[in-house]
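Position in the sequence shown counted from 1, then plus 93, gives you my numbering. Backbone N, C-alpha and C fix where the C-beta goes; we use that ideal spot for every residue, glycine too. These numbers come from a predicted model, not from an experiment. First comes the structure, then the notes that go with it.
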Amino acid sequence: HGALLGVDVRLVHLDGRHPEAALLVAQAARRRGDILISIDAERPRAGLDELLPMCNAIFCNSTFASEWTGVSGLPGSLAAVLDRCPLAEFALATRGERGALLLARQPLRRELGATT
Numbered sequence: 094h095g096a097l098l099g100v101d102v103r104l105v106h107l108d109g110r111h112p113e114a115a116l117l118v119a120q121a122a123r124r125r126g127d128i129l130i131s132i133d134a135e136r137p138r139a140g141l142d143e144l145l146p147m148c149n150a151i152f153c154n155s156t157f158a159s160e161w162t163g164v165s166g167l168p169g170s171l172a173a174v175l176d177r178c179p180l181a182e183f184a185l186a187t188r189g190e191r192g193a194l195l196l197a198r199q200p201l202r203r204e205l206g207a208t209t
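And the structure:
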């Protein structure tokens with residue numbers, strides 16, 4: 094995993110377009126233990142069931158959470174994402190012109206990107 098992630102890496106941001114590669118990077122980050130993992134999930138894809146629970150922050154569009162969890166309604170489906178992803182500090186769904194909806198664990202365990 095040293096070849097994948099340099100010693101100065103503190104955060105990796107993934108997407109689900111290449112799940113095998115994203116999973117290798119996420120696994121290397123978890124082995125290191127001091128790297129935060131965020132993901133931009135556009136739609137359910139092969140490999141996301143294994144990848145998403147490894148992430149500290151989940152960004153998605155307004156339909157992904159419901160499609161992935163089977164729970165209707167954005168607040169409830171974001172809560173279901175957090176239930177399925179115990180390491181995630183928050184899940185954020187973009188809603189186009191209507192802004193975004195963020196559901197965060199309380200209290201947040203740390204500030205995303207903080208060095209301490």
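- The residues S165, G166, L167, S170, in chain order, have a CB closer than 8 Å to that of S159 in the same chain once the five nearest residues on each side in sequence are set aside.
- Burial check for A193: the Cβ neighbour count within 10 Å stays below 16, so the residue is exposed.
- By the C-beta density criterion, E113 is exposed, having fewer than 16 other C-beta atoms within 10 angstroms.
- G163 has its alpha-carbon roughly 19 Å from the corresponding atom of D133.
- The shortest C-alpha to C-alpha distance from D127 to any of V105, H111, L117 is the one to V105.
- Per DSSP, the unbroken alpha helix (DSSP H) holding L144 starts and ends at 141-144.
- DSSP, read as helix, strand or coil, puts T187 in strand.
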